[in-house]
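Novice:
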Amino acid sequence: MPTPLPALLRRHLGQQPYEITFDAMRRFTAERTADTPDELWLVQHPPVFTQGVAGKPEHLLAPGDIPVVASNRGGQVTYHGPGQVVVYPLIDLRRLGIFVKEYVFRIEAAVIQTLEAQGVIGFRVTGAPGIYVNLSDPFQAGLPAGPRLDPFSGLGKIAALGIKVSNHCTYHGVSLNVAMDLEPFLRINPCGYHGLRTVDLATLGVRANPEAMAELLADRLAAHLSP
């Protein structure tokens, strides 16, 4: 009989500075072995801008008193703050038997299903990782139809995605905006897109508890990322 794969563990970190979590993820990934169980880390961060490896300084418009931290995840600049759910999947992709493209697809699917449980329709935009909603009707309407000069016209981004893969193992992850101060997003071009509007569930009229949403998102991620 083949040896069963270790169970996916879930860790609740509470609110923790981004730099501490980043260092812990990097250390965990560097030290893990083929037998190390995969984990999901649930956390909220104090206000911070994080700049991905492809990040361009011109997308950081006016950070003010919010610190900016260089990260080794993919993508451009984003914002983390209280009221935003962050889940970091620490996954051995080789053991799970999938590649990065499929991994990203599964994370986005988990977010879409989490939003669906709140009656919100989330969807992907080609070439722009993350999950978006139709601001004109986030409960009934999907991606606006027809040709569009601006691919983000009428849309709001509600979840951002940024990952790092080292020796087939992932860290960093996904953030879902639940009930937060959205003003800091005006200080950047979110994910490198000028004028892209960022929203949270509260803005859409959905009253949701961030901790409960974190558990729901973790449940969906576990369903998609467990062997």
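Numbering (the working numbering), first residue to last: 3 to 229.
C-beta: ideal position from N, C-alpha, C; glycine also.
(1) Between the Cα of Y195 and those of R12, P59, G16, D25, spot the shortest distance and give me the residue it belongs to.
(2) Look up R209 in the DSSP assignment and say whether it is helix, strand or coil.
(3) DSSP three-state call for G194: helix, strand or coil?
(4) Under three-state DSSP, which class holds V87?
(5) Work out the CA separation of Y90 and V176 for me, nearest whole Å.
(6) For S155, which option in E110, G164, A119, G144 has the closest C-alpha, if you only look at C-alpha atoms?
(7) Assign A32 to buried or exposed, taking buried as 16 or more other Cβ atoms, counted over all protein chains shown, within 10 Å of its Cβ.
(8) Please say whether R108 and L227 have beta carbons closer to each other than 8 Å?
(9) Between D202, K166, A162, which has its C-alpha nearest V180's C-alpha?
(10) Y134: buried (16+ other C-beta within 10 angstroms of its C-beta) or exposed?
(11) For the putative contact between Q53 and A26, defined by C-beta atoms under 8 Å, what is the C-beta separation to the nearest angstrom?
(12) State yes or no: is the beta carbon of S177 nearer than 8 Å to at least one beta carbon in chain D?
Specialist: Once the coordinates are examined:
(1) P59
(2) coil
(3) helix
(4) strand
(5) 7 Å
(6) G144
(7) exposed
(8) yes
(9) D202
(10) buried
(11) Their Cβ separation, rounded to whole angstroms, is 19 Å, which puts Q53 and A26 out of contact at 8 Å.
(12) Absent from the structure is chain D; it holds one protein chain and no more.
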